[in-house]
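*Asks:* Residue numbers (the working numbering), protein chains in the order written: chain R, -14 to 188; chain C, 23 to 851.
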Amino acid sequence: MSRLSDHNVILAKEIIARYPKQKSALIPLVHLSQEQNGYVTEDAMRHIADMIDVTPAEVYGTASFYEMFRFEPTGKYLINVCGTLSCSLMGADSLMHHAEQTLGIKAGATTDDGLITLQHAECQAACTEAPTLQVNYRHRYRVTHESFDQLVDDLRSGALDTEIPPHGTLGRNRQQIPADRAVAVQAPEDVTTGPAWIQVSPA
Amino acid sequence: MTSGTDEVPEDADVLEEVEADVLEDVAADEREEGEELEEIEPPDSNAVVINMNGKDVVARKGETVIAAALRNDEYIPHFCYHPRMSPVGMCRQCMVEIEGPRGPMMVVSCMTPVAEDQVVRTATDEVKRAQEGMIELLLANHPLDCPVCDKGGECPLQDQAFSHGPGESRYVEQKRHYEKPIPISDLVYLDRERCILCDRCTRFADEVAGDPLIHFISRGNNTQVMTFPDEPFVSYFSGNVVQICPVGALTAKPYRFKARPWDLSQRESTCTTCSVGCRTVIQSSRDELLRYQGVDSDPVNWGWLCDRGRFNFEAINSDHRLTTPMIKTEAGLVETSWRGALDAAAGLINDALAGGGAESIALLGGARGTNEDAFAWARLADAIGTPNRDAQLGDGLPAEILGLDRATIDEAANASTIVLLGPDLKEELPVLYLRLRDAAEKGRSRILEFSATDSGMTPYAWKSIRHEPGTQHNAVVSALADSDIAEQLAKGDVVVVAGRSNLADSADVTVAALQKLLAGVQGAKVLPALRRGNVVGALSLGLAPADADHDGLAILQAAADGKIEVLILLGADPLNDCPDADLARRAFAGARRIIAVDTFACESTQHADVVFAAAAYGEKAGTTTNLEGRVSTVGQQVTATGTSRPDWMIAIELGLKIGDRSFGSDHPLRGVSTVDDLTDMIANTVTGFAGLSSSTLVQQTDGVLIESPSTSLPEVSFAEAGRVSYDYRLVVSRKLYDRAVGTQMSRSLTNLASASVAYVHPLDLDGLGVAEGDDVKIVSAKAATILPIRPDSAVPRGILWSPFNQGSGNIEDIIDWRSATTDVRIERV
């Protein structure tokens, strides 16, 4: 399943056109496919390979280098529980145990309703606020068992819908660059003149 | 370099260390490192003098420290560095000390360019410590299953762990585990536990072969070489990654567990699967061929081989080889003695000479043997006095193409413009494809392609011009009028690669296009893209037809008309190789007697009255000539199967048996007893081969170029047929893997041949109202055949493309050799 949707194909073509070499659009397009499906599907990688004229192996090889691309079905909410030193000292193990019990899944798995994926994570750079976790990369600090339960309830009820978009969402506003403000697309080897500058304000 | 010379590892890329004495002869290691570029002539503005281990050595501007070191006999251990690929600095093994502004620095020598007055030290205590540390790290996860590893004994990691390793490891932890080994294609297995992530195979797939189907997946400790799920590493060049793998991570199915390197003996040779003439070593154990490896010949193959050439040694070991001569009796073909077979064949020829005269005897083939084979048979044909001989079967070009101003492969790969007016090189001459692709990718050359369909070279072409089949001469004329193209061609230094792009067209169409092109581009050189192994040698040594009235197709037509008493087939299988299959069948029915010289019982030998069992490649010595006219040696490594003999020996024996009507009492071939006698006779009697004696050629492992007498292309005329009620024009061309006996008899390659299928543009398929894979009836003016149909966007609209010689459906049945083009109609069944 899940090549890029028609809507996303239009978007993908716009993204490809921004680069002098279409191959350069590889990572933005993988983001696009993760936004569409919550994870990067094999079909989407084949589709992307087709669009930018590389092999699927090149797409998979490039994408799998990055931690934040996921290649297995992922819940709407990805919860990363930090287990590095500070958090560990402040009860991360107990928190993870509690999370597994509450959600009824092991770390690395997704709940049956497809809502939540739980996984271990390394340091989230908030040691003073330990123990921490992230929901779709949005921090939650000094998490207690109770606040974790509250968080899950809120996610289930939709109370956090405005704050936390589904996994894979890049941003709520996609950048639009009108053609007249774009820097002319030119391959590096074709550049003969000096750099082109974006016009910031009329002189 | 360490002082214990016994332990200095040889690089395994080209030739693994198998037998020291053989290695000395071959000296391929030296060649690989040393002759990457031309020798430097002092004084040279490109020369850079650096100080290496206290000695001044001359390096070249822009080269890396490791390249300069290896060329000057200073060994630096390495795994990822390969002289034919760009450096990546993956393995970190080649660390050396370089004097810098702040004192000595440790750098990786494969990523550091040489500089004037650079001071390099490759064997200080510090360097040794660094190198030992690297080996220890590389071995941290390596399974050390050397006793059951195919690479053990010729493994750079094993060798360098001994010569540059610490001897002991501090790691006691569990090693990383993967499932082992897993197939990544039909031919190659991958063992990720053994892999040291040097990036050689993945770089080869991307940079050299242009098939980036394997890639590093994941990262950190989990990094591994992998294909995309369910998309195997299907490349015509996959065997090369096995050869360049510095550990046993990649192994080839045909060689797995067959031998240990120290049991192999080897000899350098030249591959004769196609006419590129790649240098190889052929390796055997207990008199059985087990492996071919590429040797880096700078003017030809750069160390690469195609999979067909690399793995078709299996055919030579096949149980289906002809082992004794056979003769037709009432009970069919029965085995006989050599004496019986030679007597019978001589009798048939003598009868024909008495009955129909020399004109009634014809020779077809000879392009699959050595120069000596072709020469001996041509002298026999001369002695008999027959003009009927051709090394091609209507699937090539007139032999006059060899007399044009001929380019070498190097000239083609360095030309400013390469004009492709011929077959899909990736399918027919794969290593030439690699060389020309490299020229385009590195920006040395621009490729101007004329083709009816997309080819393997199309993605790399500067301009790829589509033309309707049979109209390439018009396409050439309009291309020459194009200002962009004219400007590019006016830069000079143009090489035309000319061959048959479409077997459903007559050769005249290609000749006409080539004439137009040569008339329009002054000084263009021509590289003939004829396919069979030694076709250039055979044509140059007397197996070329005197004129178009005596060429392969004319001979088959004469046989069909009942004018041929004896048809001699020299490793030729017209029933499968002639584009007009019907003509070949009628010729076999019409020829009174057939004598076949072959290594296998093929369809054509079934019809023969006398069959001689011929020695195959690897079973006979001699020389061969590649498409650029380069003569190089072919080595005998194993004993010939059964009682089979080399073709040249059969020709001479037969000549002696025929007696006065062939080899008279003073005929020079009477004195020939070894193949070297024949090589020397060629050198002494054939213009262009002068000086190419057996002793010279043994020295010149890269081969020597011959000169061909200058000729011009024959005048051609053909009717340009307009399209009438037929909707599609037929294109039939070869794929790398087909029903050729060498492929079919190689167990690992048999299943790689595609089935006989007709391909049309996807929109045409929609228009026909049939589904993908449905059988359709394809009707030409001559005959009809039924084939499954499939969509392929590489085929332009209005064209039907089908691969040649794939058996079953037989697209060859509907081709008429007399018409310039073949138009077909597609009917639903």
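Built from N, CA and C at the ideal position, the CB exists for glycine as well.
According to a CB-to-CB cut-off of less than 8 Å, which residues of the segment 804 to 819 of chain C neighbour chain R?
*Replies:* The segment 804 to 819 of chain C vs chain R, Cβ under 8 Å: nothing.
*Asks:* Under 7 Å, do arginine 241/C and phenylalanine 54/R count as touching if we go by C-beta distance?
*Replies:* Contact flag unset, no.
*Asks:* At a Cβ threshold of 7 Å, is serine 49/R touching chain C?
*Replies:* With 7 Å as the cut-off, serine 49/R counts as an interface residue toward chain C.
*Asks:* Thinking C-alpha only, which one of Pro567/C, Gly612/C, Ala775/C and Gln246/C is nearest lysine 202/C?
*Replies:* Nearest of Pro567/C, Gly612/C, Ala775/C and Gln246/C to lysine 202/C, Cα basis: Gln246/C.
*Asks:* Helix, strand or coil for arginine 544/C, going by three-state DSSP, please let me know.
*Replies:* According to the sequence displayed, residue 544/C carries glutamine and not arginine. Coil.
*Asks:* For proline 173/R, which of helix, strand or coil comes out of DSSP?
*Replies:* The answer is helix: DSSP assigns proline 173/R an H, G or I state.
*Asks:* DSSP has serine 755/C in a bridge; who is on the other side?
*Replies:* The partner list for serine 755/C (beta bridge, DSSP) reads Pro825/C.
*Asks:* Just the C-alpha distance for arginine 159/R and valine -6/R, rounded to the nearest angstrom, thanks.
*Replies:* If I take the Cα positions, the gap works out to 15 Å.
*Asks:* My parser needs the alpha helix (DSSP H) runs of 4 or more residues fully inside the segment 142 to 177 of chain C; what are they?
*Replies:* Those alpha helix (DSSP H) runs which fall completely within the segment 142 to 177 of chain C and span 4+ residues are 147 to 160.
*Asks:* How many angstroms separate the CA atom of valine 851/C from the CA atom of proline 173/R?
*Replies:* Distance between the alpha carbons of valine 851/C and proline 173/R: 55 Å.
*Asks:* Around the Cβ of glycine 545/C, are there at least 16 other Cβ atoms within 10 angstroms (buried) or fewer (exposed)?
*Replies:* Exposed, since its Cβ has fewer than 16 Cβ neighbours within 10 Å.
*Asks:* Roughly how many angstroms lie between the CA atoms of proline 188/C and tyrosine 103/C, to the nearest whole one?
*Replies:* So the alpha carbons of these two residues sit roughly 21 Å apart.
*Asks:* Is the segment 554 to 568 of chain C touching the segment 514 to 529 of chain C, taking contact as three or more C-beta pairs under 8 Å?
*Replies:* As far as the Cβ criterion goes, the segment 554 to 568 of chain C does not touch the segment 514 to 529 of chain C, which means the pair count is below three.
*Asks:* In angstroms, rounded to a whole number, what distance separates the CA positions of glutamine 180/C and valine 269/C?
*Replies:* Approximately 8 Å, taken between the alpha carbons.
*Asks:* Using DSSP with H/G/I as helix, E/B as strand and the rest coil, what is valine 763/C?
*Replies:* Correct three-state label for valine 763/C: helix.
*Asks:* Are the segment 400 to 408 of chain C and the segment 476 to 489 of chain C touching by the rule of at least three beta carbon pairs closer than 8 Å?
*Replies:* The segment 400 to 408 of chain C vs the segment 476 to 489 of chain C: no contact.
*Asks:* I need the straight-line Cα distance from leucine -11/R to threonine 129/R, nearest angstrom please.
*Replies:* In a straight line, the C-alpha of leucine -11/R is about 40 Å away from that of threonine 129/R.
*Asks:* Which chain R residues are close to phenylalanine 238/C, counting only those with a beta carbon under 7 Å from its beta carbon?
*Replies:* Within 7 Å Cβ-Cβ: Gly46.
*Asks:* Decide yes or no for the touch test of the segment 613 to 628 of chain C against the segment 265 to 282 of chain C: beta carbon pairs closer than 8 Å, at least 3 of them.
*Replies:* No, because fewer than three Cβ pairs between the segment 613 to 628 of chain C and the segment 265 to 282 of chain C fall closer than 8 Å, the two stretches do not touch.
*Asks:* Straight-line CA distance for phenylalanine 711/C to isoleucine 704/C?
*Replies:* C-alpha separation (whole angstroms): 7 Å.
*Asks:* Return the CA-CA distance between aspartate 595/C and glycine 391/C, expressed in angstroms with no decimal places.
*Replies:* In a straight line, the C-alpha of aspartate 595/C is about 14 Å away from that of glycine 391/C.
*Asks:* How many angstroms separate the CA atom of proline 163/R from the CA atom of alanine -3/R?
*Replies:* If I take the Cα positions, the gap works out to 16 Å.
*Asks:* Output needed in chain order: residues of the segment 250 to 265 of chain C with a Cβ under 9 Å from some Cβ in chain R.
*Replies:* Answer set for the segment 250 to 265 of chain C: Phe250, Pro251, Asp252, Glu253 and Phe255.
*Asks:* Pairs of beta-carbons, one from the segment 230 to 237 of chain C and one from the segment 297 to 315 of chain C, closer than 8 Å: are there three or more?
*Replies:* No, the segment 230 to 237 of chain C is not in contact with the segment 297 to 315 of chain C.
*Asks:* Counting only the same chain and skipping the five closest in sequence on each side, list residues whose C-beta sits under 8 Å from that of alanine 503/C.
*Replies:* So no residue of the chain qualifies.
*Asks:* Below 7 Å between beta carbons: does that hold for alanine 805/C and aspartate 835/C?
*Replies:* Yes, the pair counts as a contact, with Cβ atoms nearer than the cut-off.
*Asks:* Which same chain residues, not among the five before or five after valine 548/C, have their C-beta less than 7 Å away from its C-beta?
*Replies:* Correct list, in chain order: Ile423, Leu426, Asp427, Arg428, Ala429, Val518 and Ala520.
*Asks:* Please list the terminal residues of the continuous beta strand (DSSP E) segment that includes aspartate 797/C.
*Replies:* Residues 797 to 802.
*Asks:* Going by C-alpha distance, which of Ser626/C, Ile586/C, Met767/C and Leu539/C is nearest threonine 603/C?
*Replies:* Correcting the residue type first, residue 603/C is alanine in the shown sequence and not threonine. Comparing Cα-Cα distances from alanine 603/C to each of Ser626/C, Ile586/C, Met767/C and Leu539/C, the minimum goes to Ser626/C.
*Asks:* Give the C-beta separation of leucine 676/C and leucine 539/C to the nearest angstrom, bearing in mind that I take them to be a contact with Cβ-Cβ under 8 Å.
*Replies:* Between leucine 539/C and leucine 676/C the Cβ distance is about 43 Å, and since that is not below 8 Å, they are no contact.
*Asks:* Can you grab the Cα-Cα spacing for the pair alanine 435/C / alanine 106/R, in whole Å?
*Replies:* Their backbone Cα atoms lie some 53 Å apart in a straight line.
*Asks:* If you drop the 5 nearest sequence neighbours on each side, which residues of the same chain put their C-beta closer than 8 Å to that of proline 861/C?
*Replies:* Only positions 23 to 851 of chain C appear in this structure, which leaves residue 861/C out of reach.
*Asks:* With DSSP collapsed to three states, give me the class of glutamine 115/C.
*Replies:* If DSSP states are grouped into helix, strand and coil, glutamine 115/C belongs with coil.
*Asks:* If we ignore side chains and look at the alpha-carbon of each, how far apart do aspartate 796/C and proline 810/C end up?
*Replies:* Straight-line Cα distance between these residues: approximately 5 Å.
*Asks:* Taking the alpha-carbon positions, what's the leucine 136/R to cysteine 132/C distance?
*Replies:* Roughly 54 Å separates the two Cα atoms.
*Asks:* What residues from chain C crowd round glutamate 43/R, counting only those whose CB sits closer than 7 Å?
*Replies:* In chain order: Pro234 and His237.
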